[in-house]
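Data block below; observations after.
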Amino acid sequence: MKCLNCGTECDASFCPMCGQPTSTGRTTWRSFSTSSLADMLRFRGRFLNTCGELLTRPWNVIANYTAGRRVRYSSPLLFLLTLGIYSVLLESWFAPEKNIEHNSYVLRLYEFSSGMYTLCLLPPLIPALRIAYRRHGINRFNTPELLTAGIFLSALSFLIGILFLPLEIIAGQSSGISAIVFIAYCAVSIFKAFPIQPMRKAASHFILFIVLAALFLIIYVSVLELIPHFILGPA
Numbered sequence: 351m352k353c354l355n356c357g358t359e360c361d362a363s364f365c366p367m368c369g370q371p372t373s374t375g376r377t378t379w380r381s382f383s384t385s386s387l388a389d390m391l392r393f394r395g396r397f398l399n400t401c402g403e404l405l406t407r408p409w410n411v412i413a414n415y416t417a418g419r420r421v422r423y424s425s426p427l428l429f430l431l432t433l434g435i436y437s438v439l440l441e442s443w444f445a446p447e448k449n450i451e452h453n454s455y456v457l458r459l460y461e462f463s464s465g466m467y468t469l470c471l472l473p474p475l476i477p478a479l480r481i482a483y484r485r486h487g488i489n490r491f492n493t494p495e496l497l498t499a500g501i502f503l504s505a506l507s508f509l510i511g512i513l514f515l516p517l518e519i520i521a522g523q524s525s526g527i528s529a530i531v532f533i534a535y536c537a538v539s540i541f542k543a544f545p546i547q548p549m550r551k552a553a554s555h556f557i558l559f560i561v562l563a564a565l566f567l568i569i570y571v572s573v574l575e576l577i578p579h580f581i582l583g584p585a
């Protein structure tokens with residue numbers, strides 16, 4: 351038989367050239383549903399390893415990936431999207447419905463998905479990091495590497511949200527338990543990335559980063575809020 355993907359002649363269950371099953375036929379409702387479910391539930395080694403290391407040693411994942419040691423980690427963007435799908439599905443199935451009544455587009459995004467909200471707020475955080483740690487090694491990271499670190503941390507926020515979903519349901523969606531845990535993870539990652547001594551000096555640089563990040567976020571969010579009003583007009 352011929353492989354339907356690459357046309358190679360083969361007589362085994364899988365094509366020796368591209369690896370596609372030779373039994374592939376037309377898409378039916380059965381094949382569509384079973385393959386989709388199998389892909390979503392297939393927790394392979396890289397995915398599980400990335401989840402485990404992000405929860406135990408988040409900075410190691412970022413440091414290893416930016417240093418080129420990537421074989422045991424999932425691709426950051428694909429990893430983020432996968433966790434995002436799981437997070438939205440689980441919240442829609444188990445969490446109470448959210449009544450979104452905000453006039454703010456940014457708050458609507460947060461209510462929809464805290465992980466996507468975190469990802470969208472990365473741009474102003476990068477210059478805040480560069481200013482706060484300009485004399486402490488920030489220049490060894492280029493902007494794509496900092497963005498990669500931010501994507502991993504955004505994925506971590508999805509992961510934390512999934513793990514703490516039962517507590518959020520019990521305590522109420524506005525309890526902010528997962529947000530507090532996520533902020534603690536981010537703080538530890540920054541202290542690991544820029545090991546400044548003594549601790550008092552490290553704390554002062556971290557506070558400077560928080561102040562700058564807050565200032566840049568206010569400007570950034572204000573601009574984001576104006577864009578829909580400019581395009582769509584007043585509500």
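Per this note's numbering, residue 351 is the first one in the sequence shown, and the count goes up by one each step. All residues carry an ideal CB built from backbone N, CA and C; glycine is no exception.
Remark: C-beta atoms of L433 and L567 do not approach each other more closely than 8 Å. The Cβ atoms of S424 and I512 do not sit closer than 8 Å to each other. Boundaries for N492: no alpha helix (DSSP H) harbours it, and the DSSP string shows neither H nor E there. Between the stretch 479-491 and the stretch 513-522, the count of Cβ pairs shorter than 8 Å is below three; the stretches do not touch. Residue pairing by DSSP places P371 opposite F364 in a beta bridge. Bounds of the alpha helix (DSSP H) holding I412 are P408 to T416. Straight across, the Cα-Cα distance linking L509 with S539 is about 16 Å. Y535: member of the alpha helix (DSSP H) spanning I527 to A543, first to last residue.
Each residue's CA atom was taken as its position, placing R420 and S507 some 21 Å apart.
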